[in-house]
Amino acid sequence: MPDKNAYLKAMGIDVWLEREPANIEISNHEQSPLSVESKNDSRPVELNSLEPVPADISAADKTAIPEDKNNITRLDWSELQSMVSTCTACELSEVRQQVIFGEGNRTASLMIIGDMPTEEDDKQGAIFSGEIGALLTAMLKAMGYQRSDVYIANTVKCCTAQKQEPTEEQAERCEPYLLRQISLIQPKLILAFGSFAAHRLLKSKSSMSRLRGQLHYVEGINAPVLVSYHPAYLLQAPNVKRKAWEDLQIAMKELASS
Ligand code: SF4
18 MPDKNAYLKA
28 MGIDVWLERE
38 PANIEISNHE
48 QSPLSVESKN
58 DSRPVELNSL
68 EPVPADISAA
78 DKTAIPEDKN
88 NITRLDWSEL
98 QSMVSTCTAC
108 ELSEVRQQVI
118 FGEGNRTASL
128 MIIGDMPTEE
138 DDKQGAIFSG
148 EIGALLTAML
158 KAMGYQRSDV
168 YIANTVKCCT
178 AQKQEPTEEQ
188 AERCEPYLLR
198 QISLIQPKLI
208 LAFGSFAAHR
218 LLKSKSSMSR
228 LRGQLHYVEG
238 INAPVLVSYH
248 PAYLLQAPNV
258 KRKAWEDLQI
268 AMKELASS
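Using the numbering used here, the letters of the sequence shown map in sequence onto residues 18 to 275.
In structure tokens:
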């Protein structure tokens with residue numbers, strides 16, 4: 018596929034030898050195509066190591082999100098987006114410039130779920146923007162997808178101050194929105210990027226090494242979940258890209274068989 022190779026080269030990504038779709042196998046010797054070098058050290062660590070934001074729900078309007086989560090499960094896309102865009106259910110509403118709802122194909126087979134918007138996302142009003150977004154686009158291209166083919170969302174819809182990890186309470190307050198997005202899309206596969214997203218979706222605190230490499234079936238989520246590394250982490254740890262490429266191959270195989 019010369020077009021894909023040209024695209025990868027233009028992105029500064031090593032071109033790999035393409036495999037036949039029917040013969041997708043995970044190989045420790047395979048060259049990963051995910052070799053975008055980081056020029057940005059603004060997100061240098063795994064989110065697990067970050068300090069949580071002190072919870073102070075009293076500062077936010079707790080009544081802005083319906084306590085009746087069943088109400089959210091009945092919303093259509095328009096109603097859901099409208100509710101989320103004005104949400105003040107946790108104190109992150111005081112930090113953000115704008116809510117980052119998510120974007121992409123609302124009937125996608127593949128749904129990407131990250132952790133939270135970056136400050137750059139918050140400024141631009143776009144999800145997975147900048148260098149992180151460029152790597153995500155390259156990862157999707159390597160899988161044979163355009164970014165517009167998939168749906169991309171975050172576990173938490175508002176950015177935190179100083180790249181802190183959202184608190185459990187903040188994540189819980191935001192979770193009904195993500196669950197409604199999943200149920201509206203009905204993807205065939207969810208790719209959870211990073212430990213924060215993985216832990217929230219799987220209700221597990223296991224390490225990434227334990228969670229990767231297998232499909233997880235979670236009550237209340239109507240698609241298998243595959244865990245991999247967040248592109249932000251891959252930019253800071255390029256040696257992990259080979260493992261990420263292995264994960265993407267599992268995803269490709271699952272999507273091809275479903
Ligand atoms: Fe609402 Fe979620 Fe933003 Fe908190 S993070 S204000 S729950 S949209």
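From the three backbone atoms N, C-alpha and C, an ideal C-beta is built for every residue, glycine too.
In this text, all values refer to a predicted model and were calculated from it rather than measured experimentally.
According to DSSP, simplified to helix, strand and coil, what is residue i?
i: V167; result: coil
i: I238; result: coil
i: S245; result: strand
i: A209; result: strand
i: G147; result: helix
Hey, is residue i's beta-carbon within less than 8 Å of any beta-carbon in chain B?
i: A143; result: This model lacks chain B altogether; it includes just one protein chain.
Between the beta-carbon of residue i and the beta-carbon of residue j, is there less than 8 Å?
i: P101; j: I129; result: The residue asked about is misnamed: residue 101 is Val in this sequence, not Pro. No. Outside cutoff.
i: A188; j: V244; result: no
i: R190; j: I89; result: no
i: L251; j: L127; result: no
i: E120; j: I144; result: yes
i: V242; j: C175; result: no
i: I169; j: G230; result: no
i: Y162; j: G211; result: no
i: I202; j: R123; result: yes
i: M225; j: V173; result: no
i: L232; j: E192; result: no
At which residues does the alpha helix (DSSP H) containing residue i begin and terminate?
i: S95; result: 94 to 102
i: I267; result: 258 to 274
i: Q179; result: Counting along the chain, Q179 falls outside any alpha helix (DSSP H), and DSSP gives it neither H nor E.
i: L195; result: 185 to 202
i: K140; result: 136 to 141
i: R227; result: 225 to 228
Determine the extent of the beta strand (DSSP E) in which residue i is found, giving its start and end residues.
i: G131; result: 127 to 131
Mind checking residue i: buried by the 16 CB within 10 Å criterion, or exposed?
i: T184; result: buried
i: A178; result: exposed
i: N171; result: buried
i: G142; result: exposed
i: D93; result: exposed
i: K258; result: buried
i: A297; result: Limits of the chain in this structure are 18 at one end and 275 at the other, which puts residue 297 out of reach.
i: A273; result: exposed
i: K260; result: buried
i: S66; result: Since pLDDT at S66 reaches only 34, below the 50 mark, its modelled position is unreliable, and no value is offered.
Point to revise | Stretch pair the region 89 to 105 + the region 141 to 161: three plus CB contacts closer than 8 Å | key: no
Point to revise | Validate contact between the region 216 to 231 and the region 110 to 117 using beta carbons, cut 8 Å, 3 pairs | key: no
Exercise for review: Evaluate the contact criterion for the region 154 to 162 versus the region 197 to 207: three or more CB pairs, one atom per stretch, below 8 Å.
Suggested key: no
Exercise for review: Report yes or no: do three or more beta-carbon pairs, one from the region 136 to 145 and one from the region 228 to 240, lie closer than 8 Å?
Suggested key: no
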